[in-house]
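Read in order, the letters of the sequence shown correspond to residues 2 to 560 in the numbering used here.
Just so it is clear, CB atoms sit at the ideal spot from N, CA and C, and this is done for glycine as well.
Contents: one structure, followed by commentary.
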Amino acid sequence: MEDDCRPLLSSEQTGESYSHRGSTDSLDLKAKRPFHVEPRNIVDDDLQERVSAEAAILNSRVHYYGRLTGSSDRLLSPPNHVIPPPEEIYIYSPLGTAFKVTGGDHSSKNPSIITIFAIWNTMMGTSILSIPWGIKQAGFTLGILILIFTGLLLLYCCYIVLKSPKAIPCVDTSDWEFPDVCRYYFGKFGQWSSLVFSMVSLIGAMVVYWVLMSNFLYNTGQFIYNYAHNVSMSDSEFGTNGSDKVICPYPNTDPGRNYTTGTSYLSNSGNNTSDISSFNHWWSKTNTIPLYLILLLLPLLCFRSASFFARFTFLGTISVVYLIVLVTIKAVRLGVHLEFHWFDTTQFYVPEFRPLFPQLTGVLTLAFFIHNCVITLMKSNKHQENNVRDLSVAYLLVGLTYLYVGVLIFAAFPSPPLSKDCIEPNFLDNFPSSDVTVFVARTFLLFQMITVYPLLGYLVRVQMLGQIFGSHYPSFFHVLALNILIVGAGVLMAKFYPNIGSIIRFSGATCGLTLVFVFPALIHMISLRRQGLLHWLSALFHSFLILLGMANLVVQFFM
């Protein structure tokens, strides 16, 4: 309210609002002031648009503000209501003709359908592979209820984030992102906190990618080697028989059962056992493959620009669509295997309600996480008035996709003879490497992740090094040191703890604590309080959101 009382032409540039204004002036597209020359010495009349009286008046007003003070004093620059929107800006030539600016923001706006699927494609990450495992951990019925409830809750928090810049009065927030909003309300602490927890989500995703790339590369190489050498795996591997074989890689995880798993190979060439043993020694999922990936990915991370890899982002959509088709085919062939046991564990089925359900909430926090970039994505929407509707539709599609994959994989998992507890954190691990359709899925996902991984590394570099050193590429050695740390974390996790379900739930609960629950809820309450609209019921509900985010993180350490 103090800003409303400050004189327009005051020379005192104090207060938080002016510091923010100065920080965004360099990025403000409206700083490109319209240019106009008086229509003198016109040679002849042509069909091009002449300078209108309205444009001439606008030019006079801009010149008036320009003469009030020197160009270095931004306080007296023309206010935003004087400057026309980008789609109405013309460039005026000395001959008095006007040319409309094309190719600006207006021409790059997307219709609602493109915006919806851009959000869907951004959220559809590696978490989709862990949804069936998460439903197994929570129980089939409770898992479905938690997925729906978590999706609605995170949609509301995302709505708060989307609306937060517009709730700030007397400040131009058109170019702001959510860290800028956090800085406005919480100062440097809010800015750095949002940066740190955004890094947690990005680096967590990169670690998951490294584990999955090691997995997919291992199984792809295994398939090619077995096909080239006519090697087939024997039935000693615990699993079902038939053309659509489903395996249980770690059957001992089922309490009360005493299975042992061993993998033997049959080869038509007779005595190639030593060659196979040598291949397994040098082609190990945890011992060698994570190290081989360093040779490929570490040089790619050091590229100064990631524009080349951005061309392959369409592979993400292709991979998800193929996964949905693959899940549908497997479910039709395997059939439905469901029995409802509400609280008791049986030999082949898990209870409908299990105390391990927080593992699913951690996974879903990352699965529905888009809060750190939703403002940027929605800026490209052609009809800004439909932002809330389009965001809701995108969340609906994401939730339906997760439900479809999770429910079908859980329901089609053949029990008996296998226990539902055999569902892996990466459900593709429940299919043997010899499965051709799954081989295609792994190959797609492997190539997609190889192209997306440098993009994630680029985002980490831009945000981290840009904040610390003021440059996205301070030197090759700075970038190399950062990349070695990131790659080292991925290699260590792929070797010693290759459980993507646990990695996803921890990183999701950690980044979700601040960027999903705490900061949006606090910002919303502070904004309402400053407007005098905060009621006790709203304060109670948003305080509950903060406690929910804290509990979601703390409980992960006890699962």
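{"Item": "From Pro250, Leu156, Ile204, residue whose alpha carbon lies closest to that of Ser434", "Value": "Pro250"}
{"Item": "Same chain, Cβ closer than 7 Å to Phe518, neighbours up to 5 away in sequence not counted", "Value": "Cys158, Leu546, Ile547, Leu549, Gly550"}
{"Item": "Three-way DSSP call (helix, strand, coil) for Ile136 in this model", "Value": "helix"}
{"Item": "Ile115 (DSSP reduced to helix, strand or coil)", "Value": "helix"}
{"Item": "Stretch-stretch touch, CB-based, cutoff 8 Å, three pairs: the stretch 356-366 with the stretch 498-515", "Value": "yes"}
{"Item": "For Leu382, the residue or residues it bridges with in DSSP", "Value": "At residue 382 the sequence reads Asn, which differs from the Leu that was named. In the DSSP output, where bridge partners are listed per residue, Asn382 has Asn111."}
{"Item": "C-beta atoms of Leu316 and Phe448 nearer than 8 Å", "Value": "yes"}
{"Item": "Bounding residues of the alpha helix (DSSP H) (the contiguous stretch that carries Gly407)", "Value": "388-413"}
{"Item": "Sequence-distant residues of its chain with Cβ nearer than 8 Å to Gly205 (five each side left out)", "Value": "Leu367, Ile504, Ile505, Phe507, Ser508, Gly509, Thr511, Cys512"}
{"Item": "C-alpha gap between Thr377 and Pro180, whole angstroms", "Value": "12 Å"}
{"Item": "First and last residue of the uninterrupted alpha helix (DSSP H) at Gly471", "Value": "Here Gly471 belongs to no alpha helix (DSSP H), and DSSP marks it neither H nor E."}
{"Item": "Endpoints, the alpha helix (DSSP H) within which Asn227 is located", "Value": "179-229"}
{"Item": "Inter-stretch contact at 8 Å, needing at least 3 Cβ pairs: the stretch 212-225 / the stretch 393-411", "Value": "no"}
{"Item": "Ile295 and Val492 closer than 8 Å at C-beta", "Value": "yes"}
{"Item": "Identity of the residues DSSP links to Val172 by a beta bridge", "Value": "Beta-bridge pairing links Val172 to no other residue."}
{"Item": "Rounded Cβ spacing between Ser320 and Leu446 (contact assumed at less than 8 Å)", "Value": "5 Å"}
{"Item": "His543: first and last residue of the uninterrupted alpha helix (DSSP H) it sits in", "Value": "537-555"}
{"Item": "Validate contact between the stretch 537-545 and the stretch 173-189 using beta carbons, cut 8 Å, 3 pairs", "Value": "no"}
{"Item": "Closest by C-alpha distance to Val351, when choosing among Lys421, Ala307, Thr444, Val208", "Value": "Lys421"}
{"Item": "Endpoints, alpha helix (DSSP H) assigned at Ile319", "Value": "315-335"}
{"Item": "Proximity of Trp284 and Tyr228 at Cβ, strictly below 8 Å", "Value": "no"}
{"Item": "Proximity winner among Val208, Gly191, Leu203, Lys189, relative to Asn500 (alpha-carbon distances)", "Value": "Val208"}
{"Item": "For Val351, the three-state DSSP class (helix, strand or coil)", "Value": "coil"}
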